[in-house]
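In UniProt numbering, the protein residues as written are 1 to 319.
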């Protein structure tokens, strides 16, 4: 795989600092039951990296010590970590809002037959990746049969009360098929809701549009096809300075499977950790005694992906 990291620095991206820590986004490992073309984590069935129990315990301790209100679980498929359910139970027991970034197909995997019921029973908000409402597009991006398995997963979640106005929260995630910016989030959400309801009887709460980052698997594809520079130019020309006020890195920290801290999941994939004063990677355990508020956020050219157009974050468009 071609490495885009050397092409992203130095950068002209504006300097920004973090504010109050509200969300801890924890990557429980890179193992996944899928290998999606747009995946910036390079996750897949052959990956072996998984967070250990002692690091999970540190996550819980930090949630309490820093009074963090939101735990955002991601991967890979976070549910494949053997400590996933214990972490969810204990975080929910402490009053923390838990979000599971679910690829939907995991709900039908052997050994996960009761996963949907577990998530519903714990009141977990599900953020489900569905890159398109058309079967051919989803299967082209995620593999044959992925769309049918995703629809089956959505129906199962709906049957448990997910996606209803007063029920459990179910949000979908859209990624563009190629080197373009996402369309208007509000308009696309309306299209998704109409297509999925009319075609499959499926309901959900909101759609999040997320810009593809020029890193990892997607970035490598751009390089191999000669489109990397053009895509980076697109992001920079579409930069909107108003989005700087609400980029997710101001209130979120990303934790990798070893427990090291990053300003976001994308920096994690680029191996750009938060650093101590002596230049060492900052570990999660330091948050037990230190407040990260006011720290300078590490940036590079890929950060324009979060400020381009309507902006992009793990919660969708910014404006």
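C-beta: ideal position from N, C-alpha, C; glycine also.
Measure the C-alpha to C-alpha separation of residue i and residue j and round it to an integer number of angstroms.
{"i": "residue 103", "j": "residue 109", "result": "11 Å"}
{"i": "residue 14", "j": "residue 244", "result": "9 Å"}
{"i": "residue 321", "j": "residue 166", "result": "The question about residue 321 has no answer here: the residues shown for the chain are numbered 1 through 319."}
{"i": "residue 74", "j": "residue 30", "result": "9 Å"}
{"i": "residue 152", "j": "residue 180", "result": "29 Å"}
{"i": "residue 47", "j": "residue 32", "result": "7 Å"}
{"i": "residue 146", "j": "residue 294", "result": "42 Å"}
{"i": "residue 194", "j": "residue 177", "result": "20 Å"}
{"i": "residue 170", "j": "residue 80", "result": "20 Å"}
{"i": "residue 298", "j": "residue 319", "result": "23 Å"}
{"i": "residue 158", "j": "residue 255", "result": "31 Å"}
{"i": "residue 91", "j": "residue 125", "result": "13 Å"}
{"i": "residue 309", "j": "residue 234", "result": "10 Å"}
Assuming residue i and residue j are in contact, meaning their beta carbons sit under 8 Å apart, how far apart are those beta carbons, in whole angstroms?
{"i": "residue 28", "j": "residue 1", "result": "The pair is not a contact, with the Cβ atoms about 22 Å apart (cut-off 8 Å)."}
{"i": "residue 248", "j": "residue 313", "result": "4 Å"}
{"i": "residue 4", "j": "residue 215", "result": "5 Å"}
{"i": "residue 120", "j": "residue 168", "result": "6 Å"}
{"i": "residue 202", "j": "residue 174", "result": "Actually they do not touch by this definition, with Cβ atoms about 15 Å apart."}
{"i": "residue 62", "j": "residue 99", "result": "With a Cβ gap of about 17 Å, residue 62 and residue 99 do not count as contacting."}
{"i": "residue 49", "j": "residue 257", "result": "5 Å"}
Which residues does DSSP list as the beta-bridge partners of residue i?
{"i": "residue 99", "result": "72, 125"}
{"i": "residue 157", "result": "According to DSSP, residue 157 bridges with nothing at all."}
{"i": "residue 133", "result": "In the DSSP output, where bridge partners are listed per residue, residue 133 has none listed."}
{"i": "residue 313", "result": "316"}
{"i": "residue 162", "result": "168"}
{"i": "residue 273", "result": "262"}
{"i": "residue 31", "result": "44"}
{"i": "residue 17", "result": "296"}
{"i": "residue 50", "result": "29"}
Would you kindly report the start and end of the unbroken alpha helix (DSSP H) that includes residue i?
{"i": "residue 228", "result": "228 to 237"}
{"i": "residue 306", "result": "304 to 307"}
{"i": "residue 267", "result": "265 to 269"}
{"i": "residue 58", "result": "53 to 65"}
{"i": "residue 90", "result": "84 to 93"}
{"i": "residue 220", "result": "216 to 224"}
{"i": "residue 189", "result": "185 to 200"}
Just reading off the beta strand (DSSP E) that residue i is part of, what are its end residues?
{"i": "residue 23", "result": "23 to 27"}
{"i": "residue 172", "result": "170 to 174"}
{"i": "residue 209", "result": "206 to 209"}
{"i": "residue 254", "result": "252 to 255"}
Tell me whether residue i counts as near the ligand MN, meaning its Cβ is closer than 8 Å to at least one heavy atom of that ligand.
{"i": "residue 12", "result": "Absent from the structure shown: the ligand MN. Ligands present: none."}
Exercise for the section: Could you tell me whether the segment 264 to 271 touches the segment 296 to 304, using the rule of 3 or more Cβ pairs below 8 Å? Expected result: In short, these stretches touch, since the Cβ pair count reaches three.
Problem - Cβ contact (3+ pairs, closer than 8 Å) linking the segment 282 to 292 and the segment 49 to 69 - result: Yes, since at least three Cβ pairs between the segment 282 to 292 and the segment 49 to 69 fall closer than 8 Å, the two stretches touch.
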